[in-house]
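Working notes, structure below.
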Amino acid sequence: MAFINVGRGLGKNGNPGRPNAKNPYIILFKAEDLKTNPVKNADGVSVSVNIELKVGKEAIVIYATPTTIKLGDKSSGDADKKGFITTLEFEHPGSGIEYAEFINSNVNGNLMAIIMYPDLGFNKLLGWPGNSLQMTHEYKDDEKEDTNMVKFESILPGDKYLHYTGLFPTVQGGTKGLGFEDFSVPHLVTESREFILTESGETITF
213 MAFINVGRGL GKNGNPGRPN AKNPYIILFK AEDLKTNPVK NADGVSVSVN
263 IELKVGKEAI VIYATPTTIK LGDKSSGDAD KKGFITTLEF EHPGSGIEYA
313 EFINSNVNGN LMAIIMYPDL GFNKLLGWPG NSLQMTHEYK DDEKEDTNMV
363 KFESILPGDK YLHYTGLFPT VQGGTKGLGF EDFSVPHLVT ESREFILTES
413 GETITF
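Under my numbering, the first residue of the sequence shown carries the number 213, and numbering increases by one thereafter.
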């Protein structure tokens with residue numbers, strides 16, 4: 213690909229380095245549950261096709277304390293072999309049994325994640341078939357806090373995180389009350405039906 217002038221159109225009214233608002237609910241799903249592998253666009257850093265899961269498979273959403281959500285990638289590898297290790301870190305409060313079950317069942321899982329943004333015009337996709345995210349976890353219950361610290365990291369050096377503009381996969385329990393309508397991609401797939409959330413907040417079902 214030819215070099216691109218990246219000094220133009222920085223966005224955010226000339227303040228591109230400001231922190232990005234994020235939906236505190238993170239979408240997680242198993243790479244093995246993909247119906248078909250998504251295809252990256254020609255730029256290598258974006259995906260616009262819809263992520264679909266196999267029949268009977270669903271993504272989950274997990275709440276993250278908003279101020280603790282951190283995404284990153286870091287180049288790694290020897291000369292001519294470099295790629296990017298992508299990471300997602302956050303804290304989840306409390307000792308809920310559903311959360312404990314998820315962690316216990318997926319500590320060795322191969323996962324992918326979608327993080328949602330209200331202002332960027334796209335969301336961010338981390339993990340990829342064959343180079344998914346794996347988890348490390350630490351729990352603290354002491355005089356200061358009752359919280360879980362989670363870190364997901366790609367297995368191998370690969371591409372940077374991906375700009376995602378496709379539909380969200382089917383989410384376990386639906387998405388009502390999670391604020392998804394406020395975030396960049398206004399289409400949801402839930403319970404095998406498609407919902408379009410309009411600017412006025414109305415929901416059209418078909």
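Note that CB positions come from ideal geometry on N, CA and C, so glycine has one too.
Since this is a predicted model, take the numbers as computed values, not measurements.
Using a 10 Å radius around the Cβ and a threshold of 16 neighbouring Cβ atoms, would you call residue i buried or exposed?
i, result
"LYS234", "buried"
"PRO228", "exposed"
"SER366", "buried"
"LYS356", "exposed"
Among the options, which one has its Cα closest to the Cα of residue i?
i, options, result
"TYR373", "PRO231, ASN232 and GLY256", "GLY256"
"LEU240", "GLU355, PRO231, LYS293 and LYS269", "LYS269"
"GLU313", "ILE272, LEU265 and GLU264", "ILE272"
"THR382", "ALA254, ILE326 and GLY284", "ILE326"
"ARG230", "ILE274, SER287 and ASP331", "ASP331"
"LEU379", "ALA243, LYS363, PRO250 and GLU303", "PRO250"
"ILE281", "GLY385, PRO236 and SER287", "PRO236"
"GLU244", "PHE364, LYS363, GLN384 and GLY339", "GLY339"
"PHE302", "ALA276, ASP292, TYR311 and LYS242", "ALA276"
"ILE309", "ILE274, GLY284 and LEU337", "ILE274"
"THR298", "SER260, GLY284 and ASP353", "GLY284"
"PRO278", "ASP353, GLY342, ASP292 and ILE238", "ILE238"
"VAL362", "TYR311, LEU337 and ASP354", "TYR311"
Excluding five sequence neighbours on each side, which residues of the same chain lie with their C-beta closer than 7 Å to the C-beta of residue i?
i, result
"GLY306", "ASP358"
"PHE247", "The question names Phe, but residue 247 in the sequence shown is Lys. Around LYS247: GLU264, LEU265 and LYS266."
"SER447", "Any property of residue 447 remains undetermined from this structure, which presents the chain solely from 213 to 418."
"LYS242", "GLY321, ASN322 and LEU323"
Less than 8 Å between C-beta atoms, sequence neighbours within five positions excluded: which residues of the same chain meet that for residue i?
i, result
"SER258", "LYS252, PHE334, LEU374, HIS375, TYR376 and THR377"
"LYS294", "SER287, SER288 and PRO369"
"ASP371", "LYS252, GLY256, VAL257, GLY295, PHE296 and TRP340"
Starting from the C-beta of residue i, find all residues in its chain whose C-beta is less than 6 Å away, skip the five residues before and the five after it, and write them out in chain order.
i, result
"ASN316", "none"
"ASN360", "HIS304 and TYR351"
"PHE418", "With a pLDDT of 27 at PHE418, under the threshold of 50, the modelled position of that residue is not reliable, and the figure given next carries that caveat. Here the set comprises nothing."
"PHE419", "Here the chain has residues from 213 to 418 only, and residue 419 is not among them."
"ASN262", "GLY378 and LEU379"
"LYS232", "What sits at residue 232 in the sequence shown is Asn, not Lys. Cβ neighbours of ASN232 beyond the five flanking positions: TYR329."
"GLN384", "GLU270 and ILE272"
- [ ] Enumerate, from N- to C-terminal direction, the unbroken beta strand (DSSP E) stretches of 3 or more residues contained entirely within the region 280-349.
- [x] 282-288, 295-305, 323-327 and 335-338
Task: At least 3 beta-carbon pairs within less than 8 Å: the region 301-321 vs the region 346-353 - done: yes
Open item on the list: In chain order, what are the residue ranges of uninterrupted beta strand (DSSP E) at least 3 long that sit wholly in the region 360-389?
Closed with: 374-376
- [ ] At 3 residues or longer, and completely inside the region 230-274: list those beta strand (DSSP E) runs for me, N to C.
- [x] 237-242
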